[in-house]
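Protein sequence lines correspond, in order, to chains A and B.
Using the working numbering, the first residue of the first sequence is number 19, and each one after it goes up by one.
Using the working numbering, the first residue of the second sequence is number 19, and each one after it goes up by one.
First the structure, in the form of structure tokens, and then the observations on it.
2 protein chains.
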Amino acid sequence: MSTLPDKTVERLSQYRRNLLICDAKGKEHIFSHEIANIHHITPVQVRRDIMLIGYTGTLRKGYNVKELVELIGQILDKPEGQNVAIVGAGNLGRALIKYFVNRRKNLQIVAAFDIHPEKIGTSLVGVEVYPLDQLKQIVKEKNICIGIICVPVNEAVPVTALLVDAKIKGILNYTPRPVNVPENVYLEENDMVTSLEKVAYFAKNKN
Amino acid sequence: MSTLPDKTVERLSQYRRNLLICDAKGKEHIFSHEIANIHHITPVQVRRDIMLIGYTGTLRKGYNVKELVELIGQILDKPEGQNVAIVGAGNLGRALIKYFVNRRKNLQIVAAFDIHPEKIGTSLVGVEVYPLDQLKQIVKEKNICIGIICVPVNEAVPVTALLVDAKIKGILNYTPRPVNVPENVYLEENDMVTSLEKVAYFAKNKN
DNA sequence: TCTCCTTTGTTAATTAACAAACAAAGTTAA
DNA sequence: TTAACTTTGTTTGTTAATTAACAAAGGAGA
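What follows is the structure, given as structure tokens:
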């Protein structure tokens, strides 16, 4: 499968999460307009996304929930799983760990890193905190391919360098400092300050 | 000024943050390609954004840093400021408060809300925690127009209803549950699970 | 049986976002 | 003085994303 559009990938992730809830409720089939309502998009968008992954529903019954979840899994997940590291064991790091622990078999947070000596060796919801200078070694040992940066803003750049040096394949940067990565690393920036300023701008124009 | 494109607003917010750093370093002028390098975009994009807000630089010197910061402020900020509430005083709420406190004069977090009795009345970095059932009243008293949702996922929907009822104008939702708002409220969803799954998908395809 | 209705799957059109191209203007240097 | 260079501002083209449009299929109900 050639790589899917950015936005489609995001939506598939969201669809799956709600499909799992539907499945847990015993719902066997779902229509495109039901999915659309949950996510505030159009049914056409949903059908288009599903078309792109090559699934096909049945007329008048819609999509089989279990089958669709299964297929989205085949698209999004790596069969052997992917291990994730949190860099920065502050409030945000802890929030992320709590969110993810025991949620997804195929995407597990297996290590946290921090620079503060008093945090080293402690465990956050079962995830051990290692010193930053062991990052490269632990990444290799634990076969980690994704890093989430949630350190204070000034450390974003050096931490990125560490992750790149450790041969990480994907980085999710939660600091407001834009960072640089080479071609062979996927980078996603998620800047909370910008998100809030954006909401503020558009809220300003609401009656 | 008619409302700017979504993406332009995001970039202006980011430009400003780095321009302030430049200003603090005493840099008076900056070229479009310098801004572009910092943010990993093209100089053309930068010039286009700046064109959209009607600023004009000087040939061979570039843009005046102070003037540009000032103008972006006029575009993005509300002169009388905007007050923000955090709903959910967990790890993520604390992370956000720490991020924002004393950062921006025009965008201040003035209250936090939580459902757990033991948190009520405590103060996080100077921001007091109120019980959830006082939300409407406090929002009115403190003239809050933006709410950031960082409660556990199951409470996202009822909390949104509370915020809408309290006549909030903008909502930033950090839970993975999509929520519904009426026309006159701006909603931004920022789902960490999706962000991570997206990174995982694209990282999978890196060599 | 036949018509209408619902819902999918797909193509076509539109819109939004980004990038390329280049004229204009002023600076430097020969 | 004049030619080359730099950098902005704007137009035009291109790519990506969304929306609109509609054929096909297969019930439901008259």
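Don't be surprised by glycine CBs; every beta carbon is placed ideally from N, CA and C.
Fair warning: this is a prediction, and the values are worked out from it, not measured in the lab.
With a beta-carbon spacing of about 19 Å, B/I167 and B/V119 fall beyond the 8 Å limit used to define contacts.
Around the beta carbon of A/T76, a 10 Å sphere encloses fewer than 16 other beta carbons of the protein chains shown; the residue is thus reported as exposed. Note on A/A103: 16 or more other CB atoms within 10 angstroms of its CB, so buried under the neighbour-count rule.
Within the DSSP bridge table, the entry for A/N208 names no partner. Beta-bridge partners assigned by DSSP to A/L142: A/V145. About 5 Å separates the beta carbons of A/Y192 and A/N208, which is inside the 8 Å limit, making them a contact pair.
Residues of chain B with a Cβ closer than 8 Å to the Cβ of A/Q100 are, in chain order, A218, A221 and K222. Comparing alpha carbon positions, the residue from B/L190, B/L214, B/A179 and B/N124 closest to B/P200 is B/A179.
Listed in chain order, the non-local C-beta contacts of B/V171 below 8 Å within the same chain comprise T193, P194 and R195, local neighbours out to five positions each way being set aside.
Note that the C-beta distance between A/V27 and A/L125 is not below 9 Å.
Here DSSP, grouped into helix, strand and coil, assigns A/T60 to coil. The beta-carbon distance between A/Y204 and B/K224, rounded to whole angstroms, is 6 Å. This is short enough to meet the 8 Å contact definition.
Taking 9 Å as the cut-off, the beta carbon of A/V83 is found closer than this to the beta carbon of A/K45. Our two residues, B/G111 and B/R78, have alpha carbons roughly 45 Å apart in a direct line. Scanning its chain for C-beta atoms nearer than 6 Å, with the 5 sequence neighbours on each side dropped, one finds around A/V157 the residues A184, in chain order. Considering only A/G165, A/V143, A/A129 and A/T60, the residue with the shortest C-alpha distance to A/P149 is A/A129.
By the neighbour-count definition (other C-beta atoms within 10 Å, threshold 16), B/A42 is an exposed residue. Counting the other Cβ atoms within 10 Å of the Cβ of B/K216 gives 16 or more, which makes it buried. B/I90 sits away from B/I59, with the two beta carbons spaced by 9 Å or more. By the beta-carbon neighbour count (other beta carbons within 10 angstroms, threshold 16), B/M210 is buried. For B/Q152, the closest alpha carbon among the candidates B/P135, B/L142, B/P97 and B/V143 is that of B/P135.
DSSP places A/L190 in the uninterrupted beta strand (DSSP E) bounded by G188 to N191.
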